[in-house]
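Residue 582, in the UniProt record's numbering, is where the sequence shown stops; the numbers in between run on with no holes.
Structure first, then comments.
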Amino acid sequence: MAVPGVGLLTRLHLSAQRRTRVQRPILRLLSCPGTVAEDLRRNEQPSGSVETGFEDKIPRKRFSEMQNERREQAQRTVLIRCPEKISENKFLKYLSQHGPINNHFFYESFGLYAVVEFCRKESVGSLQNGTRTPSVAMETAIPFRSRFLSLKLKNQTSEQSCIQSSNQLPPSNRKLFELLCYAESIDDQLNTLLKEFQLTEENTKLRYLTCSLIEDIAAAYFPDCVVRPFGSSVNTFGKLGCDLDMFLDLDETRNLSTHKTSGNFLMEFQVKNVPSERIATQKILSVIGECLDHFGPGCVGVQKILNARCPLVRFSHQASGFQCDLTTNNRIALTSSELLYIYGTLDSRVRALVFGIRCWARAHSLTSSIPGAWITNFSLTMMVIFFLQRRSPPILPTLDSLKTLADAEDKCIIEGNNCTFVRDLNRIKPSGNTETLELLLKEFFEYFGNFAFNKNSINIRQGREQNKPDSSPLYIQNPFETSLNISKNVSQSQLQKFVDLAQESAWVLQQKDTDRLSVSSHQPWGLAAILLPSVPNRRSLTKKKRKRSANESIKNLLESLKSNRTANFTETNEKRTISTQT
Ligand code: GTP
Ligand code: MG
Numbered sequence: 001m002a003v004p005g006v007g008l009l010t011r012l013h014l015s016a017q018r019r020t021r022v023q024r025p026i027l028r029l030l031s032c033p034g035t036v037a038e039d040l041r042r043n044e045q046p047s048g049s050v051e052t053g054f055e056d057k058i059p060r061k062r063f064s065e066m067q068n069e070r071r072e073q074a075q076r077t078v079l080i081r082c083p084e085k086i087s088e089n090k091f092l093k094y095l096s097q098h099g100p101i102n103n104h105f106f107y108e109s110f111g112l113y114a115v116v117e118f119c120r121k122e123s124v125g126s127l128q129n130g131t132r133t134p135s136v137a138m139e140t141a142i143p144f145r146s147r148f149l150s151l152k153l154k155n156q157t158s159e160q161s162c163i164q165s166s167n168q169l170p171p172s173n174r175k176l177f178e179l180l181c182y183a184e185s186i187d188d189q190l191n192t193l194l195k196e197f198q199l200t201e202e203n204t205k206l207r208y209l210t211c212s213l214i215e216d217i218a219a220a221y222f223p224d225c226v227v228r229p230f231g232s233s234v235n236t237f238g239k240l241g242c243d244l245d246m247f248l249d250l251d252e253t254r255n256l257s258t259h260k261t262s263g264n265f266l267m268e269f270q271v272k273n274v275p276s277e278r279i280a281t282q283k284i285l286s287v288i289g290e291c292l293d294h295f296g297p298g299c300v301g302v303q304k305i306l307n308a309r310c311p312l313v314r315f316s317h318q319a320s321g322f323q324c325d326l327t328t329n330n331r332i333a334l335t336s337s338e339l340l341y342i343y344g345t346l347d348s349r350v351r352a353l354v355f356g357i358r359c360w361a362r363a364h365s366l367t368s369s370i371p372g373a374w375i376t377n378f379s380l381t382m383m384v385i386f387f388l389q390r391r392s393p394p395i396l397p398t399l400d401s402l403k404t405l406a407d408a409e410d411k412c413i414i415e416g417n418n419c420t421f422v423r424d425l426n427r428i429k430p431s432g433n434t435e436t437l438e439l440l441l442k443e444f445f446e447y448f449g450n451f452a453f454n455k456n457s458i459n460i461r462q463g464r465e466q467n468k469p470d471s472s473p474l475y476i477q478n479p480f481e482t483s484l485n486i487s488k489n490v491s492q493s494q495l496q497k498f499v500d501l502a503q504e505s506a507w508v509l510q511q512k513d514t515d516r517l518s519v520s521s522h523q524p525w526g527l528a529a530i531l532l533p534s535v536p537n538r539r540s541l542t543k544k545k546r547k548r549s550a551n552e553s554i555k556n557l558l559e560s561l562k563s564n565r566t567a568n569f570t571e572t573n574e575k576r577t578i579s580t581q582t
């Protein structure tokens, strides 16, 4: 993940003077039919609401439908490195010789690139037929015909640049900070964060296109393979800048061998056999890794990490700027992405809360792009889902209840694990819970700040706490491989850091009066306040304040008991201040 942390926030001065509605940034877009209107509509969203791209699309698409549609779009698309100065009209006119263009956009990533989607797949072939392999002085080009092209100008000086580029990066810390401080409420802050960080339509297209380009390379060995994105690129929880997880799906290749039967005959391919599935995976990834390294245009820094629990090939796709992890034989992870897609699509509060918590965790270095003893984004998402299953009434259904809604088509067993759950979103009843995001954020910190991690595990299948089956500090049951813990890597000290910060953040968010003061004294408030790094002074101050607050509460309580005024102390705020301590 290449998302910068929010650690710089402390060094920023708040320029926001009033808590008025902020002028939303004008989107740096493009000339794609269909997307401009969509973006204008997005900008017209009322305060406190955010278009997630799902709620208004009824009936809502299944994950597999969405993936197939996007894949088909990507196959009609090319990626073109452009000269810095280029006329958009002439560029489009030139390409239109090969067929009508459905849409296009430009972006910058150490150079100007265009993503051009034709209406028909044949146009790509036509364009490739009119494309030559470059001759390079001093070096030799390996002839490789892909859909990643380079446009050269015959006359370098004649063109004027009038291109608008689509943004592929998350907002700067300064901008994020300002937006959060201008927001009207914590709900508004969370929705703003979501809106600013979520993957854009263009970024999603670029992710599918990158998979499609890698698929073309892998197809040299496995012509029927499919390279599918999974993880946060597709599960609705992706942030701009997140990595691109790819799954090399060879099921088509495998299935073909079982389908060709006729009469009394059964034809099989002659194949090489290896002792285990793992060795087969390693061999396949090894050869694809070599291929990407030697022949993959724009694929750099290829690393074969074949001895990992889940073998993978990691590389950077320079043109798109994505850090890619290619795996195979990892279908359960694809199914987990589908499950998260369902949870993220069911209720608009889910994504806003997950983004808020992920950002908070990153800002406090609870998560990291380097593997280690820290909590992962995947685990954090599971914690939010579990928390939302525990609300009354629940905001999200348990995995077991999604299983009971499944029909025959949804039945799915992977490597002996039951992965059956309803795939049709329209069959899931919406929740009657109307709690605000502000309340949910506070309660999330309160809940996990006081969770009995020493004895209980988190289980989204049943939506209830269960006894931990082993002594791992944090136990989050893998929803499909139910004997596994997805957070086995988390150390006691990292868990304690999470708990301390959750308690501190719960306390900060409860200081309603401080919020009001903060606005007038230009201090960060609400979500912005909890994204600030927890410096030791602030922590001890918080602890002291908490202690003072608890002491004061107890003192007041005793006084009120004396004067028979106990009713005043049933206020939720008071109760919470004390419970945060425990
Ligand atoms: P980012 O941090 O934004 O990349 O989130 P992510 O959800 O993409 O996480 P990551 O890239 O680490 O992993 C990709 C996907 O692999 C996840 O979405 C899960 O579906 C799956 N995955 C990751 N970690 C685990 C794990 O520990 N157990 C299982 N079963 N699946 C995992
Ligand atoms: Mg990922």
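Even for Gly, the Cβ is constructed at its ideal location relative to N, Cα and C.
Keep in mind it's a predicted model, so treat the numbers as computed, not measured.
Please indicate yes or no: does the CB of residue i lie closer than 8 Å to some heavy atom of the ligand MG?
i, result
"Gly-321", "no"
"Cys-242", "yes"
"Asp-245", "yes"
"Asp-293", "no"
"Ser-233", "yes"
"residue 617", "No information on residue 617 is available, as it lies outside the stretch 1 to 582 that the chain covers here."
Return yes when at least one heavy atom of the ligand ADP lies under 8 Å from the C-beta of residue i, else no.
i, result
"Ser-379", "With respect to the ligand ADP, the structure shown offers nothing to examine, as its ligands consist of the ligand GTP and the ligand MG."
Measure the Cβ-Cβ separation of residue i and residue j and say whether it is below 9 Å.
i, j, result
"residue 644", "Leu-213", "The structure shown does not extend to residue 644, since the chain is modelled only from 1 through 582, so no value can be given for it."
"Lys-239", "Val-115", "no"
"Leu-501", "Pro-473", "no"
"Gly-231", "Ala-333", "yes"
"Phe-222", "Thr-253", "yes"
"Arg-391", "Asn-450", "no"
"Ile-476", "Trp-360", "no"
"Arg-461", "Thr-367", "no"
"Ser-233", "Leu-248", "no"
"Phe-448", "Phe-378", "no"
"Trp-525", "Cys-181", "yes"
"Ala-408", "Pro-533", "no"
"Leu-509", "Ala-352", "no"
"Thr-335", "Cys-412", "yes"
"Ile-86", "Leu-127", "no"
"Phe-148", "Arg-71", "no"
"Arg-278", "Pro-311", "yes"
Nearer than 8 Å: is that true of the beta carbon of residue i relative to any heavy atom of the ligand GTP?
i, result
"Ala-333", "yes"
"Glu-69", "no"
"Phe-230", "yes"
"Leu-340", "yes"
"Gly-356", "no"
"Glu-443", "no"
"Asp-325", "yes"
"Asn-459", "no"
"Gly-238", "yes"
"Ile-486", "yes"
"Glu-415", "no"
"Thr-376", "yes"
"Thr-367", "yes"
"Ser-316", "no"
"Ser-483", "no"
"Phe-480", "yes"
"Ser-337", "yes"
Kindly give me the distance between the Cβ atoms of residue i and residue j, rounded to whole angstroms, as I take these residues to be in contact under 8 Å.
i, j, result
"Ser-286", "Leu-266", "Rounded, the Cβ-Cβ distance is 31 Å, inconsistent with contact."
"Asn-129", "Phe-118", "Not confirmed; about 14 Å, so no contact."
"Val-354", "Leu-396", "The Cβ separation is near 11 Å, so there is no contact."
"Val-207", "Pro-171", "The sequence as given places Arg at residue 207; Val does not occur at that position. In fact, because the Cβ distance is near 19 Å, the residues do not count as touching under 8 Å."
"Asp-224", "Ser-146", "Actually they are not in contact, since the Cβ atoms of Asp-224 and Ser-146 sit about 19 Å apart, beyond 8 Å."
"residue 614", "Val-302", "With the chain running from 1 to 582 in the structure shown, residue 614 is simply not present."
"Ser-487", "Ile-375", "6 Å"
"Arg-62", "Arg-120", "Not a contact, Cβ separation roughly 25 Å."
"Glu-202", "Ser-166", "4 Å"
Segments assigned alpha helix (DSSP H), at least 4 residues, entirely inside the UniProt domain "RL" (63–131): 63–75, 88–96, 122–129
Those runs of the alpha helix (DSSP H) which lie wholly inside the segment 178–238 and span at least 4 residues: 186–197, 201–218
3-residue-minimum beta strand (DSSP E) runs that sit fully inside the segment 251–334, ordered along the chain: 299–305, 312–317, 322–328
Continuous alpha helix (DSSP H) assignments of at least 4 residues falling wholly in the segment 353–435: 377–389, 399–404
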